[in-house]
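A short worksheet on the structure shown next.
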Amino acid sequence: MNIFRISADLLHLASFFILIFKMKATKSCKGISFKTQLMYTLVFTCRYLDLFHVLGMMITFNFAHITGLTLYNTFMKILFLAASYYIVYLMRTELKSTSDDARDTFVLWHILAPCAVLALIFNAQFTILEILWTFSIYLEAVAVMPQLMLLIETGEADSLSSHYMFAVGGYRALYLVNWVYRYATEPYYSNWIAWIAGFVQTALFGDFFYYYFVKIMSGDAALKLPT
Amino acid sequence: TGDYVPHDEL
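As structure tokens, then:
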């Protein structure tokens, strides 16, 4: 665990809280893509299936392989799952009437199908758990596309939405730094599937980062995209 | 595809 990894995780955690706070405070989820949020629940569900493995070790009192890192990961995984499901739940129940569904027009199969095919071809092990893990990595890289499309459609984002987007994009950018650090300091550490997907994910946020910093510098309340 | 890497990240 290095400073980049822990900062990335905390930034990721912050992104959920920013979004939940925003939705609760404004009683609205306008400008937030339901499709992107739905994809994040799928990403975490497919990736964190190993929670059952940890749970199995705990209920059989097999603590030999449970380290501090396992406990940290388990705690964070449960938080990420709970937060993402809660966001989807909020957007489909009390905030449904404020949802931007009419403009949330991205076709999810356009990312789901390629990610599934890629996960079946390019994986480290041809096992169900490993393929689902790989699928989640590919899907996370592109899951923000409906949100970006909605942002372009709308032409602007309010302050909290752009902080949320910055936190989500920033977390993966910090993971890139973490991977460089781990590659330099840990023998045999190389996970090219995560590296390539992480790079693609960060690159997708590139334009957004640029406008975010321009906005922060100029002190505007809302982020407006050039038309 | 190289050596298997355990998933110790989030």
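Which chain is which? The protein sequence lines are A and B, in order.
Numbered by the working numbering, the letters in the first sequence go through residues 212 to 438 in order.
Numbered by the working numbering, the letters in the second sequence go through residues 3 to 12 in order.
Ideal Cβ placement from N, Cα and C applies to all residues, glycine included.
Query: Amino acids of chain B, ordered along the chain, whose beta-carbon sits closer than 9 Å to that of Leu-415/A; Result: Here the premise fails: no neighbours, minimum Cβ distance about 19 Å.
Query: Own chain partners of Val-254/A with C-beta closer than 7 Å, once the 5 adjacent residues on each side are dropped; Result: Ser-347, Leu-350, Glu-351 and Ala-354
Query: Nonlocal neighbours in the same chain, by C-beta distance under 8 Å from Cys-257/A, ignoring five residues either side; Result: Leu-343, Trp-344, Phe-346, Ser-347 and Leu-350
Query: Beta carbon of Phe-215/A nearer than 9 Å to that of Tyr-386/A; Result: yes
Query: Bridge-paired residues (DSSP) for Ala-368/A; Result: Leu-434/A
Query: Start-end ranges of the beta strand (DSSP E) lying completely within the stretch 290-335 of chain A, minimum 3 residues; Result: none
Query: Terminal residues of the alpha helix (DSSP H) in which Thr-237/A lies; Result: 214-237
Query: Integer Cβ distance of Ile-363/A from Leu-436/A, believed to fall under 8 Å; Result: 6 Å
Query: Proximity to Ala-384/A [Cα-Cα], best of Phe-337/A, Ile-277/A, Thr-247/A and Phe-419/A; Result: Phe-419/A
Query: Within chain B, the residues that Trp-344/A reaches when beta carbons sit closer than 9 Å; Result: His-9
Query: Own chain residues within Cβ distance below 6 Å of Val-379/A, not counting five before or after; Result: Ser-226
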